[in-house]
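Chains as they are written, first to last, in the working numbering: chain A, 6 to 365; chain B, 1282 to 1589; chain C, 1303 to 1431.
The block underneath contains the structure these notes are about, expressed in structure tokens.
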Amino acid sequence: MSKITVPIGPQHPLLKEPLSFLVSLEGEKVMDSTLRLGYVHRGIEKLAEQRTYIQNVYLIERICGICSHIHSTTYCQSVEALLNLEVPKRGLYIRMLLCELERVHSHLLWLGVLAKNIGLNTLFMYAWRDREIVLKIMEEISGGRVSHAVNIIGGVRVDLNDKHLSLLHKGLQELKKRIEEILRSIENDRGFQARTRNIGQLSLEEIKRYCVVGPVARASGLDIDIRRDAPYAAYDELSFEVPLMTEGDVWARSVLRILETIQAIRLCTQIINNLPDGSISVPAPRRVPAGEVVSRAEAPRGEVFYYMRSDGSQNPARLKIRTPTLTTLITLPGQLKNMQMADVSAVIAGVDLCIACGDR
Amino acid sequence: MNLSVLIFKIFIFPGFLFLLVTALFLHWLDRKLIARFHGRVGPPWYQPLADLVKLFAKEDILPSGTNLIFAALLPLISFASVLTASFYLPIAIQSTPSFQGDFIVLMFLLSMPSLMYFLAGWVTQGVYSVIGGNRSLLQYFSYEVLFLLAMSGTAIASGSWSLADIRLAQLKEGPFIFPQVVGFLLSLAGLIGKLKREPYDIPKAKSEVIAGALTEFSGKKLALWYLTIQLQTVVGLSFLIHCFFSGFWQMNTIGGFFIFFLLLVILQGILSAISAIYARLRIDQLIHLNWNIFIPLTLLHNIYILLI
Amino acid sequence: MNNILLKIRSYFYLLPNIVEALFSKPETIDYPAVTHRLSESYRGSVRIIAENCVGCGLCVRDCPAAALTLEKDSKHSFRLIHYRDQCTSCGQCELSCKFDSIYLNNTYQKASANRKDFFEVLVDKTMKK
């Protein structure tokens, strides 16, 4: 049989963002694959050195569209640590509320993309219909559906009044019902399981060897979650569970992400029921004293890691960002060996790549 | 009959124009129903016509190295074969010329477009076209057999291979749907496989092979391909209705025409619902489903029909 | 009993859902026949209350997209210019202003093919000689 090289190239209906993946097939089986990144590289780390700390809040938000709030949360946390600022509790709670809402949004978007690549367009439309509820809530609170611009150094800049709270209550109740219906569909539908069970399995040793983080690691049995292990922004005052599965295939990752979404809704309900009073931010000086700091947060795809060094001026001296997608990308060529061509789309969609995060 | 009546019958009703309008209407119904199943509004009634008109205005380019004569012949041959197939079917409850064995001729003419689809992928030599064409050939070998075997149940029950005799047997004994429900469902499955609709649309799966064998076509040729697929739906569904439901009406009557159209709409609705519920199957799951489950069921069903 | 029903339904799980969706109102709107209403907190265009503006330049300094420029002749004679094609509607100018003069409302501007439509003079307090 002849060898064909199929470019799952920079532009492909399978991918949300440009990524070059050359798969060499023999018949229908994948023999080998090569990966090339860098199509969305914008030089954010270098740009951050040329802007002030206040301007960087908006630059960092535009690293990724889906996890924008988490990136700006981590950035603001690192600057506040350098300035020794204590953000008031109400500000921390509002930050956490938007983090969890963004997690719900990201997982629903990912489920739609996976269902579309498998061929189940109905589940795609239903998941994105439920995502509209979350986007409406986020637009009412912050002013933007995807780019919120809620964080400032020293706290948040929007407050929740009674209208927002009642909207949140209604929206979260409706969302909980619909996501439980989606969970039942995934667990019971035979067509979905026929395309995702036992495909793209990663064992626990491979996870540890490649240092994979996030839902991909939790689906293979590695129990890590920054919100529980190293709590930031008042997560130690809320109670939630971290779901864990052991199969490690695409189906386990799907079920795990929907379980995480249900936990995120539970966290949001706790936040709006226990919202403390007080101010939402403290004023922050413009010059940051010299020092270096490391800050981590749990993005929808895993652990986000920031290293910042400042030298006493108004611009940062060095900002290094390590996003979780880089770790999962490295495991892809190993996963795709000896697989059928039709399963490539299920694996690539199931591992939830965010190339804009990966390229920065 | 004189020449003007003949031209009217061939080109307007029940000929070319009527078939075109029915094909576009069923295509619109399919898209609107699937959209409503998803919770969306769906396209307006003129959308398939607008798509066709837009395609006729587009530029027609092909990769260098393609055999241009073949690339132009293939859509024409498939379009012509589907139109010829409609010649033998009483789509608008008209009386058609019928002879022994026209069942088999109809089957053959309806299977030509799938063969031409595979050759189209081969001729344009793109990576995605070749993969899509290979997959469609595998599917062609499996689901044409299923369609033929499942529809042969009606021919066996009526005792001859002529469409007119199948209809006469149904007028005597009642429509064949009632003793042969299993055969009807299996031939519906075979029709979905022939038309490459979801869940059997792996040859043209958008997320893997962009558009399958038709990736490199554009302009008038692509318009002809789309028309062929839509006409194949009409002719295939009419074939099914004729073989299974034919006892419900008299020929050449208005009432019969409406019942036929209503049955077309209902069957298209069933096809759209099946497209919305199921996920796309992989090629090996498709072949396994066909040869391990559907074909043995069909053989058992045909033996049962033979015995009663 | 529930288990057996679930097993049967698993062969065509989404069928009740699609029948329910067929008979409910669709979630999408028939744009442009039906228009969409923006929420009140949507961050749209930059507006100014010109009496309050003193030309301090805090908004210019903090804008991340360099969309605001201040042309100062003397302490009380200046022009504040806004480049609408650079603006990302982030709202930092509204936060930085200490005199309550610049703010964002929820209108968005229409697209245009002319570059001059995007050059807006917000405040013109130049002294005529």
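Each residue gets a CB set at the ideal place from its N, CA and C atoms; glycine is no exception.
Treat the numbers as computed from the prediction; the structure is a model and nothing was measured.
Curious, which full-length alpha helix (DSSP H) runs of at least 4 residues does the segment 265-343 of chain A contain? 330-340
Return the first residue and the last residue of the alpha helix (DSSP H) that B/H1319 is part of. 1297-1319
Once the 5 residues before and after B/I1564 are set aside, which same chain residues still bring their CB inside 7 Å of it? R1416, L1419, I1483
Pick out whichever of B/E1489, B/P1371, B/Y1409, B/A1361 has its Cα sitting closest to the Cα of B/I1447. Comparing Cα-Cα distances from B/I1447 to each of B/E1489, B/P1371, B/Y1409, B/A1361, the minimum goes to B/P1371.
If we call anything under 8 Å between Cβ atoms a contact, is B/L1505 one with B/P1356? It is a contact, given that the beta carbons lie within the stated cut-off.
Exposure of A/Q55, with buried meaning 16 or more beta-carbon neighbours within 10 Å: exposed
With DSSP as the reference, label B/N1348 as helix, strand or coil. coil
Note down, in chain order, every chain B residue with its Cβ under 8 Å from the Cβ of C/A1335. Chain B residues near C/A1335: none, gap ~10 Å exceeds 8 Å.
Sequence-distant residues of its chain with Cβ nearer than 6 Å to A/A354 (five each side left out): V118, L119, N122
Could you give the DSSP three-state label for A/E144: helix, strand or coil? helix
How would you label B/W1276, buried or exposed, when you count the other beta carbons within 10 angstroms and need 16 or more for buried? Only positions 1282 to 1589 of chain B appear in the structure, and residue 1276 of chain B is not among them; the question remains open.
Assigned secondary structure, A/E248 (DSSP; H/G/I helix, E/B strand, else coil): Checking the sequence shown, residue 248 of chain A turns out to be Pro, not Glu. Correct three-state label for A/P248: coil.
Quick check on A/M210: does DSSP put it in helix, strand or coil? Note that residue 210 of chain A is Glu in the sequence shown here, rather than Met. Of the three classes helix, strand and coil, the one that applies to A/E210 here is helix, per DSSP.
Which of the three DSSP states is assigned to A/L170 in this structure? Annotated three-state conformation of A/L170 is helix, per DSSP.
What number of angstroms, rounded off, separates the C-alpha of A/S38 from the C-alpha of B/Q1406? 22 Å
Does the CB of B/P1480 have a neighbour CB from chain A at under 8 Å? yes
Near A/Q16, what residues of its chain come up, given a Cβ to Cβ distance below 7 Å and the 5 sequence neighbours on each side ignored? P23
For A/S73, which residues in the same chain have their Cβ closer than 8 Å to its Cβ, ignoring the five residues on either side in sequence? E66, R67, E107, V151, S152, H153
DSSP three-state call for A/G160: helix, strand or coil? strand
Close-in-space but distant-in-sequence residues of the same chain around A/D164 (CB under 6 Å, 5 per side omitted): I285.
Determine the burial state of C/Y1315: buried for a count of at least 16 other Cβ atoms within 10 Å of its Cβ, exposed for fewer. buried
Could you tell me the alpha carbon to alpha carbon distance between B/Q1566 and C/H1338, rounded to whole angstroms? Using only the alpha carbons, I get a separation of about 44 Å.
Since C/I1310 meets chain B, which of its residues come closer than 9 Å, beta carbon to beta carbon? Per Cβ cutoff of 9 Å: no residues; C/I1310 is ~14 Å from chain B at best.
Could you name the residues of the segment 1555-1568 of chain B whose beta carbon sits closer than 7 Å to any beta carbon of chain C, in the order they occur along the chain? From the segment 1555-1568 of chain B, only A1557, I1558 have a Cβ closer than 7 Å to chain C.
Residue-chain proximity (B/R1312, chain C), Cβ-Cβ < 8 Å: no
Listing by chain order, which chain A residues have their CB less than 8 Å from the CB of C/R1345? Here the neighbours are G148, G149, A154.
Any idea which residues DSSP pairs A/Q345 with across the strands? A/K34
B/G1536 versus B/F1459 - alpha carbon distance: Roughly 22 Å separates the two Cα atoms.
Beta-carbon within less than 7 Å of B/G1455's beta-carbon, same chain only, minus the 5 sequence neighbours each way: which residues are those? G1528
Bridge partners of A/I59, per DSSP? According to DSSP, which records beta bridges pairwise, A/I59 is partnered with nothing at all.
Kindly provide the ranges of any beta strand (DSSP E) runs that are 3 or more residues long and lie completely inside the segment 1503-1547 of chain B, ordered along the chain. The segment 1503-1547 of chain B contains no whole beta strand (DSSP E) run of 3 or more residues.
So C/E1329 contacts chain A; which residues on that side make the cut at Cβ distance below 8 Å? Within 8 Å Cβ-Cβ: R134, E137.
So, A/A222 versus A/L261, is the Cβ gap smaller than 8 Å? no
If you measure from the beta carbon of B/V1404 to each beta carbon in chain A, is any gap under 8 Å? no
Quick check on A/L12: does DSSP put it in helix, strand or coil? Reading the sequence as shown, one finds Pro at residue 12 of chain A and not Leu. Correct three-state label for A/P12: strand.
Do A/V356 and A/L337 have their CB atoms nearer than 8 Å? yes
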